[in-house]
Amino acid sequence: MAVEIETHLSPHALLVALKATEKLLGREQTARYGPRTIDLDILLYGTRVIQTRLLSIPHQKMSDRAFVLIPLAEIAPGVSHPKLNKTILELMRALPANHEIVRLYEHHI
79 MAVEIETHLS PHALLVALKA TEKLLGREQT ARYGPRTIDL DILLYGTRVI QTRLLSIPHQ
139 KMSDRAFVLI PLAEIAPGVS HPKLNKTILE LMRALPANHE IVRLYEHHI
């Protein structure tokens, strides 16, 4: 699932808020790439590029992940990746065809 929000929080403050939300939802600190109860990530923050020890925006692996790009393309197809200069829709269409996405629900506005 991808969501777009509007916030007055800085990227780092937003990260702190997301980590607190994960904890409230029962996420425990486990292996870095292991299974998780919940995983909230900042994929993009406007056109900003941020690279610190704790925060990478845009998310480093988002352009390679169908489970990120497909839902993101549903809400922001024309948004440009600030480092790759391609739209989310272009990145999604460039994915290999061997991905499988399970749609949990269908919602039409």
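Using the working numbering, you'd call the opening residue of the sequence shown number 79 and step up by one each time. Where is the CB? At the ideal position from N, CA and C, for every residue including glycine. Here the structure is a predicted model, which means the values were calculated and not measured.
Practice problem: Would you kindly work out how many angstroms separate the C-alpha atoms of S88 and E106, rounded to a whole number? | Solution: As a position in the sequence shown, residue 88 is number 10, starting the count at 1. As a position in the sequence shown, residue 106 is number 28, starting the count at 1. Within the model, the alpha-carbon separation for S88 versus E106 is close to 25 Å.
Self-check item: Residue environment, E82, which counts as buried when at least 16 other CB atoms sit within 10 Å
Solution: As a first step, residue 82 must be located in the sequence shown, where it is residue number 4. Burial state of E82 is exposed, judged by a 10 Å Cβ sphere holding fewer than 16 other Cβ atoms.
Quiz item: If we ignore side chains and look at the alpha-carbon of each, how far apart do G124 and R131 end up?
Solution: Within the sequence shown, residue 124 is the residue found at index 46, counting from 1. Within the sequence shown, residue 131 is the residue found at index 53, counting from 1. Each residue's alpha carbon lies about 20 Å from the other.
Quiz item: Taking Cβ to Cβ, would you say P174 is nearer than 8 Å to H159?
Solution: Position 96 of the sequence shown, counting from 1, holds the residue named residue 174. Position 81 of the sequence shown, counting from 1, holds the residue named residue 159. Cβ atoms of P174 and H159: not closer than 8 Å.
Practice problem: Might you give, ordered along the chain, the residues of its own chain that have their beta carbon closer than 6 Å to the beta carbon of A80, omitting 5 neighbours on each side? | Solution: In the sequence shown, residue 80 corresponds to position 2, counting from 1. Result list for A80: P149, L150, I153, in chain order.
Quiz prompt | Nearest to L92 (by Cα), restricted to the options S141, I166, L133, T108 | solution = Counting from 1 along the sequence shown, the entry for residue 92 is found at position 14. When S141, I166, L133, T108 are compared, the shortest CA-CA separation from L92 is found for L133.
Quiz item: When you compare each of H86, T99, F145, T115 to L121 by their alpha carbons, which one comes out closest?
Solution: As a position in the sequence shown, residue 121 is number 43, starting the count at 1. For L121, the closest alpha carbon among the candidates H86, T99, F145, T115 is that of F145.
Quiz item: At which residues does the alpha helix (DSSP H) containing E168 begin and terminate?
Solution: Reading the sequence shown from its first residue, position 90 is the one you call residue 168. Under the DSSP assignment, E168 falls in the alpha helix (DSSP H) whose first and last residues are 166-171.
Self-check item: Other residues of its chain near I187: CB distance less than 6 Å, five sequence neighbours each side excluded
Solution: Mapped onto the sequence shown, residue 187 falls at position 109. For I187, the predicted model reports a pLDDT of 49, less than 50, meaning its position is unreliable; a value from the coordinates is still stated below. There are no such residues.
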